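Student: Throughout, the working numbering is defined as the position within the sequence shown, counted from one, plus 700.
We treat Cβ as the ideally placed atom computed from N, Cα and C, and that holds for glycine.
Remember, it's a predicted structure, so these values are computed and weren't measured experimentally.
Below are the structure tokens for one structure; questions will follow.
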Amino acid sequence: MSTYCTYAPTGRIDASNAGACERDLLALMEASGPSAIIDLSGLSYISSAGLRVLLVGAKTARAKGGKAVICNAPAAIAEVLKMSGFDKVIPLLADRAAAQAQFGG
């Protein structure tokens with residue numbers, strides 16, 4: 701079973717808080733292991749700055765031998781992720797159980 705953290709931002713990720721979100725995600729990954737489940741169920745909006753946070757998380761995970769997956773993305777956010785090609789970089793999964801299955805749990 702792989703070690704992973706779960707990051708579940710709420711509200712919005714935009715230019716005003718993207719730096720803090722990135723620090724939070726990377727700190728969780730540093731403390732818990734190289735992989736991350738990013739649960740977007742509590743997110744209402746994501747900007748390009750927020751997309752960058754997800755990309756940095758995925759690249760950091762890969763560089764450390766882990767992986768990142770996204771789950772529970774609301775329909776509007778899932779559409780943004782697909783339109784921007786993020787679903788080709790970070791797997792978009794239906795729910796947390798599917799995400800946990802990616803790590804053997």
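Would you tell me roughly how many angstroms separate the C-alpha atoms of L726 and I777, rounded to the nearest one?
Tutor: As a first step, residue 726 is located in the sequence shown; it is residue number 26 there, counting from the start. As a first step, residue 777 is located in the sequence shown; it is residue number 77 there, counting from the start. Approximately 21 Å between the Cα atoms of the pair.
Student: So what's G742 in DSSP terms, helix, strand or just coil?
Tutor: As a first step, residue 742 is located in the sequence shown; it is residue number 42 there, counting from the start. DSSP places G742 in coil when its eight states are reduced to three.
Student: Spatial neighbours of G733 within its chain, please: CB distance less than 6 Å, with the 5 preceding and 5 following residues excluded, ordered by chain position.
Tutor: Sequence index remark: in the sequence shown, residue 733 carries index 33 (1-based). So the list reads T703, Y704, once near-sequence residues are dropped.
Student: Contact defined as beta carbons within less than 8 Å: I believe P679 pairs with L740. What is the distance between those atoms, to the nearest angstrom?
Tutor: The displayed coordinates of the chain run from 701 to 805. Any statement about residue 679 would go beyond what the structure contains.
Student: On the CB-based measure, 16 or more other CB atoms within 10 Å of its CB, does A763 come out buried or exposed?
Tutor: The residue labelled residue 763 in the question sits at position 63 within the sequence shown. Exposed, because fewer than 16 other Cβ atoms sit within 10 Å of the Cβ of A763.
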